[in-house]
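Chemist:
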Amino acid sequence: LQGLVGFSDEGGPLQSTLATISSVYPLASDAGGGTLTVSSSAHTSAQAIMLPEAASAWEDGGFGGATGQSRSRSNQVDTGPTALRYYDLDRDFQPGVQRADGRAKSGQSRIIEFPGALTANAARALANAAAQRSNAVQETLAWRLAELDPSIAPGTAVQAPSIPGIWQVAGWEWRERGVELELVRLPSAGANTAAGDPGILRAPQDYLAAPTVLRAFELPWDGRGSSDAQAQYTAVSSFGDGWSGAALYIENAGQLDPVGSTRTRSVTGSTLTSLAPSRAFLLERNATLAIELAPQSAELVQASPAMLATGANRLLVGDEVVQFAIAEKISPTQWKLQGLLRGRGGTEGVAGIGHPAGSAATIIDASLFLLDPAKVSSAATTVIAAIGRGDASPALATLENPGIARRPLSPVHPRLGTMPDGAIQLSWTRRARGAWEWLDGVDTPLVEQSEAYRVGIGPINDPLAIWETTTPELLITAQSLASLAPGSYGAPLWVRQIGNYGLSDALLLAVLN
34 LQGLVGFSDE GGPLQSTLAT ISSVYPLASD AGGGTLTVSS SAHTSAQAIM
84 LPEAASAWED GGFGGATGQS RSRSNQVDTG PTALRYYDLD RDFQPGVQRA
134 DGRAKSGQSR IIEFPGALTA NAARALANAA AQRSNAVQET LAWRLAELDP
184 SIAPGTAVQA PSIPGIWQVA GWEWRERGVE LELVRLPSAG ANTAAGDPGI
234 LRAPQDYLAA PTVLRAFELP WDGRGSSDAQ AQYTAVSSFG DGWSGAALYI
284 ENAGQLDPVG STRTRSVTGS TLTSLAPSRA FLLERNATLA IELAPQSAEL
334 VQASPAMLAT GANRLLVGDE VVQFAIAEKI SPTQWKLQGL LRGRGGTEGV
384 AGIGHPAGSA ATIIDASLFL LDPAKVSSAA TTVIAAIGRG DASPALATLE
434 NPGIARRPLS PVHPRLGTMP DGAIQLSWTR RARGAWEWLD GVDTPLVEQS
484 EAYRVGIGPI NDPLAIWETT TPELLITAQS LASLAPGSYG APLWVRQIGN
534 YGLSDALLLA VLN
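If you're matching positions, the sequence shown starts at 34 in the numbering used here and goes up one per residue.
Right under this line is the structure:
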C-alpha cells in the first residue's frame, strides 16, 4: 500500500475494512482454492498475460455468444469519486481533502472517506487514480477459454488478442463449455501525480500545565444595580501558557465549598516599584509605576483624559484604585505606566499612604470573576481557593477591601468659620457611593437610607467628644468648646458619614487651638 503511513480501524466486519482499503488501493480476492487470498490488483502492462483466442460455443445465446467473446460499456452516468478525505501528515493528522483533476461534475460530488494517514501528494495521486479507475471499469469484456490456465486467477492482468488495452480478471467460472472470464478494463495510463497542497496547519500548541495566580477583593460600588449589593471579585490567571482554567472555592471551617469556575485569564500581578503617597487631587502626568502582569499575552492601551473620565484603564494597587494614561511594554510581562489618577472610587485615603514595591496589582475589567454574594461573606477572614490542572495544592487568597462596596464615602471640602461669640461653624460636602460625576445643577443622590454624620474630636477610635447631625454642617457653641477637657486643645476635629452598613473614613475638619 504505497504511500500509506497509518490506518485507523474502528473494528467491525473484516469485509468492510477491506472494502474501504480497496476503494483507494484496489484489492483482488480469490476464493477459488482452499483459502481466501487477498492481494493488490495493481499491475503494469509488462505483467499482463496474453490470452489465447476465444473459444466458440456450440449454441448461440451462451456466455460470449457464438464467438466466445463479447464487449460492452455501461451507459450509466459517471458516479466516480471526485475527492479523497484522509488524515494529513503535514497537518498533524488533521483531516484533509484532495480533489481529483478535471472538470467538476454536475450533481452531488462523491468523496471517498479513507481513514488513512497520507501526505498531500500521495492523497492527490490516489484521488486521481480512483477517478481514473471509475471511468475504466465501465467497459467490460467476456472471454471464454477452452482450457484452464493456473496462472489466470481473479486480479490477474491480461491482454486479449486483437483488442487493445490491459484487462483484469474480475471473476471466472469453469463450465462444460470452457472457462468463462469476466474482464474489466484497466486505466490505459498512470494517474496524474501533480503535487498536492496540504494547506495551512493551525495546530494547537502543547504547553505544560501552569500554576494558578489568584487574587480576591471587593471593589467600590459602580452605581449599577442595587446599592446594597456586594461587589466581590477574583482575578484568576497564570504566567504559563498551559493554564486552562480553575475551579473556585470558599474555605469554610477547613472545608472547600464550590463557588464557580472560570477559564478567562485576568490581568494581575504586582508592582515592581513603589508608589509614593498622593493627595489624589489632580492627574499626575509625570508619575510612573512599573508592574509585572500575567499573562504574557496581556496588552495595555493608552487612554485620553476623556477616556479616563469615563473609567478607562483602572488598576487596583493594594486597596487603591488607580487610573493610568500611558502604558509602555518593557518586557513580555513588565509594563511602565505613566500619567496616574490616584484614589479613584473613594480610595483617596489609601492613596495618602502609598504602596511599597511588591504590592498586588490587578487590571479592573470584564475578565474578573464576580463571586455570588449569597455564598461569600464580606469579611476580612474570607478565604478563596482556586484549583487548576497545574496546581499541586490550591492557590489561596484572602478577601481584600472587605465591605468597601457598601461603605459610605467620606465627605470632602471641609470649611470652618468662627462666630463673634467664640462658636465655630463646621461644614462639608457630601458624597455618595456610585455617583462618581459632579453634575452641575444636580444634587448628589442620597444612596443611604438617611443622611447622617458623626463629628468627633480626638482619636477616631476613642474620641473625646461626639456630635451627630443630619445636615452637612455643625455649630459648636463656645460653651461646648469651653466644657471640653484641657487635652482637647490641639486635637483634630473630624467628620464621618453614617451609612446603612457602617461609617465612612474620617475627613479632617480642623485642629482646635
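Heads up, the beta-carbon is just placed ideally off N, CA and C, and yes, glycines get one too. Keep in mind the model is a prediction, meaning the values are calculated, not measured.
Could you round the C-beta distance between A153 and Q131 to whole angstroms and report it? I think they count as a contact, below 8 Å.
Modeler: Yes, A153 and Q131 are in contact; Cβ-Cβ is about 6 Å, under 8 Å.
Chemist: N319 to G391, Cα distance in whole Å?
Modeler: In a straight line, the C-alpha of N319 is about 21 Å away from that of G391.
Chemist: Quick one: grab the DSSP three-state call for A515.
Modeler: Note: A515 maps to helix in three-state DSSP.
Chemist: What is the rounded straight-line gap between the Cα of S184 and the Cα of A64?
Modeler: Each residue's alpha carbon lies about 15 Å from the other.
Chemist: Over what stretch of residues does the alpha helix (DSSP H) that includes Q458 continue unbroken?
Modeler: Per DSSP, Q458 belongs to no alpha helix (DSSP H); it is in the beta strand (DSSP E), I457 to T462.
Chemist: Within the 8 Å Cβ cut-off, does G278 reach chain B?
Modeler: Judged by its chain identifiers, the structure shown contains no chain B, having just a single protein chain.
Chemist: Determine the burial state of N546: buried for a count of at least 16 other Cβ atoms within 10 Å of its Cβ, exposed for fewer.
Modeler: N546 comes out exposed.
Chemist: Going by DSSP in three states, V383 sits in which element: helix, strand or coil?
Modeler: It is helical.
Chemist: When DSSP labels each residue in this structure, what does L308 get in the three-state scheme?
Modeler: Strand.
Chemist: What does the alpha-carbon distance come out to for the pair G423 and T301?
Modeler: If you take the alpha carbons of G423 and T301, they lie about 18 Å apart.
Chemist: Tell me M83's beta-bridge partners as DSSP assigns them.
Modeler: Q192.
Chemist: My assumption, with CB atoms under 8 Å, is that A555 sits in contact with S271. Please give the rounded CB distance.
Modeler: Residue coverage of the chain in this structure runs from 34 to 546, which leaves residue 555 outside it and unanswerable.
Chemist: Measure the Cβ-Cβ separation of A413 and A419 and say whether it is below 8 Å.
Modeler: Taking 8 Å as the Cβ cut-off, A413 and A419 do not qualify as a contacting pair.
Chemist: Does DSSP put L47 in a helix, in a strand, or in coil?
Modeler: L47 falls in the helix class under three-state DSSP.
Chemist: Which residues mark the beginning and the end of the alpha helix (DSSP H) in which P291 is found?
Modeler: Element bounds for P291: not the alpha helix (DSSP H) but the beta strand (DSSP E), Q288 to T295.
Chemist: Whole alpha helix (DSSP H) runs in the segment 407-479 with 4 or more residues, listed along the chain?
Modeler: Whole alpha helix (DSSP H) segments, 4+ residues: zero.
Chemist: Over the uninterrupted beta strand (DSSP E) stretch that includes A249, give me the two end residues.
Modeler: Element bounds for A249: V246 to E251.
Chemist: From G275 to T395, what distance separates their C-alpha atoms?
Modeler: Rounded to the nearest angstrom, the two C-alpha atoms are 21 Å apart.
Chemist: Return the chain-ordered list of same chain residues with a C-beta closer than 6 Å to the C-beta of A280, the five sequence neighbours on each side being excluded.
Modeler: For A280, where only same-chain residues beyond five positions count, the Cβ hits under 6 Å are S294 and I420.
Chemist: Since T321 sits in a beta bridge, which residues does DSSP pair it with?
Modeler: In DSSP, T321 forms a bridge with Q371.
Chemist: How long is the line joining the alpha carbons of A465 and V480, rounded to whole angstroms?
Modeler: Using only the alpha carbons, I get a separation of about 6 Å.
Chemist: Give a yes or no on contact between the segment 308-315 and the segment 356-372, applying the rule of three or more CB pairs nearer than 8 Å.
Modeler: As far as the Cβ criterion goes, the segment 308-315 does not touch the segment 356-372, which means the pair count is below three.
Chemist: Does the segment 142-158 touch the segment 118-125, meaning 3 or more C-beta pairs lie closer than 8 Å?
Modeler: Yes: the two stretches touch, three or more of their Cβ pairs being nearer than 8 Å.
Chemist: Excluding the 5 residues flanking Y486 on each side, which residues of the same chain have their C-beta closer than 6 Å to its C-beta?
Modeler: So the qualifying residues of the chain are T502, V528 and Q530.
Chemist: In chain order, what residues of the same chain have a beta carbon less than 8 Å from the beta carbon of Y266, not counting five sequence neighbours either side?
Modeler: Within the same chain, Y266 has close Cβ partners A249, F250, E251, L252, L401, F402, L403 and L404.
Chemist: So, are the CB atoms of S460 and G491 less than 8 Å apart?
Modeler: No. Outside cutoff.
Chemist: Using CA atoms only, rank isn't needed, just tell me which of I324, D290 and V292 is closest to T306.
Modeler: Comparing Cα positions, the closest option is I324.
Chemist: Return the Cβ separation of I417 and A430 in integer angstroms, given the expectation that the two are a contact with Cβ distance under 8 Å.
Modeler: About 5 Å; that satisfies the 8 Å criterion.
Chemist: List the DSSP bridge partners of P525.
Modeler: Looking at the DSSP assignment, P525 forms a beta bridge with V544.
Chemist: Report the three-state DSSP secondary structure of R124 (helix, strand or coil).
Modeler: R124 falls in the helix class under three-state DSSP.
Chemist: Taking Cβ to Cβ, would you say S411 is nearer than 8 Å to G436?
Modeler: The answer is yes: Cβ separation under 8 Å.
Chemist: Please go through the same chain and pick out, in chain order, the residues whose beta-carbon is closer than 6 Å to the beta-carbon of R157, but skip the five residues on each side of it.
Modeler: Cβ neighbours of R157 beyond the five flanking positions: Q131 and G229.
Chemist: Considering only the alpha carbon of each residue, which of G135, P478 and L178 lies closest to A160?
Modeler: Nearest C-alpha to A160: G135.
Chemist: Give me, in chain order, the residues of the same chain whose beta-carbon lies closer than 8 Å to that of G385; leave out the 5 immediate sequence neighbours on both sides.
Modeler: Excluding sequence neighbours, G385 sits near P310, S311, R312, A313 and G376.
Chemist: Given V488, which residues of its chain have a CB within under 6 Å of its CB, disregarding the five upstream and five downstream residues?
Modeler: If we look at V488 and ignore the five residues flanking it on each side, its Cβ neighbours are W500, L507 and V528.
Chemist: Roughly how many angstroms lie between the CA atoms of G256 and A468, to the nearest whole one?
Modeler: Those two C-alpha atoms are separated by around 6 Å.
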